[in-house]
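To keep things clear, I will list the structure first and then write my remarks on it.
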């Protein structure tokens, strides 16, 4: 499926360069809204954004630059391990057991830790909640 994004503004990064010189541009767009995230045309997950110059036909692609998700569902906000943290991943050593903290937004309240499980690869592992 393809969706057109609304282009809000286009601005040259280096105004001192000539108008048609090769240069950096800043393109602001709005992300699309999926009216029915459960239908077959849903674009949940990593998507490609293509910016096209209508006069010259030139384009650039941002591969997997945006990650679309259903904001009504629980989402991972951050992952932290002994060697750092990230939004979706954290490095952990394989030689020792390490505590990893996964922060989830919009998780259901009042759920027992026994109702959760975690999977590494295809093997389920125990989850301990503090």
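In the working numbering, the protein residues as written are 1125 to 1254.
Where a beta carbon is used, it is the ideal one built from N, C-alpha and C, also for glycine.
Just so we're clear, the structure is a prediction, and the values are computed from it rather than from any experiment.
Could you please give me the residues that DSSP links to residue i through a beta bridge?
| i | result |
| --- | --- |
| residue 1191 | 1170 |
| residue 1150 | 1135 |
| residue 1186 | 1173 |
| residue 1280 | Residue numbering for the chain in the displayed model covers 1125 to 1254; residue 1280 lies beyond these limits and cannot be assessed. |
| residue 1209 | 1204 |
For residue i and residue j, I'd like the C-alpha separation in whole angstroms.
| i | j | result |
| --- | --- | --- |
| residue 1169 | residue 1188 | 9 Å |
| residue 1197 | residue 1230 | 7 Å |
| residue 1184 | residue 1194 | 27 Å |
| residue 1210 | residue 1204 | 6 Å |
| residue 1147 | residue 1176 | 15 Å |
| residue 1223 | residue 1217 | 10 Å |
| residue 1206 | residue 1180 | 50 Å |
| residue 1190 | residue 1167 | 11 Å |
| residue 1162 | residue 1156 | 15 Å |
| residue 1140 | residue 1234 | 59 Å |
| residue 1129 | residue 1178 | 14 Å |
Residue range of the beta strand (DSSP E) that residue i falls in?
| i | result |
| --- | --- |
| residue 1229 | 1225-1229 |
| residue 1160 | No beta strand (DSSP E) holds residue 1160; DSSP gives it neither H nor E. |
| residue 1132 | 1131-1136 |
| residue 1199 | 1199-1205 |
| residue 1243 | 1242-1244 |
Taking 8 Å as the CB-CB cut-off, is residue i touching chain B?
| i | result |
| --- | --- |
| residue 1148 | No chain B is present in this structure, which holds just one protein chain. |
Verify the contact flag: residue i, CB atom, against every heavy atom of the ligand NAD, threshold strictly below 7 Å.
| i | result |
| --- | --- |
| residue 1234 | With respect to small molecules bound, the structure shown includes none, and the ligand NAD cannot be examined in it. |
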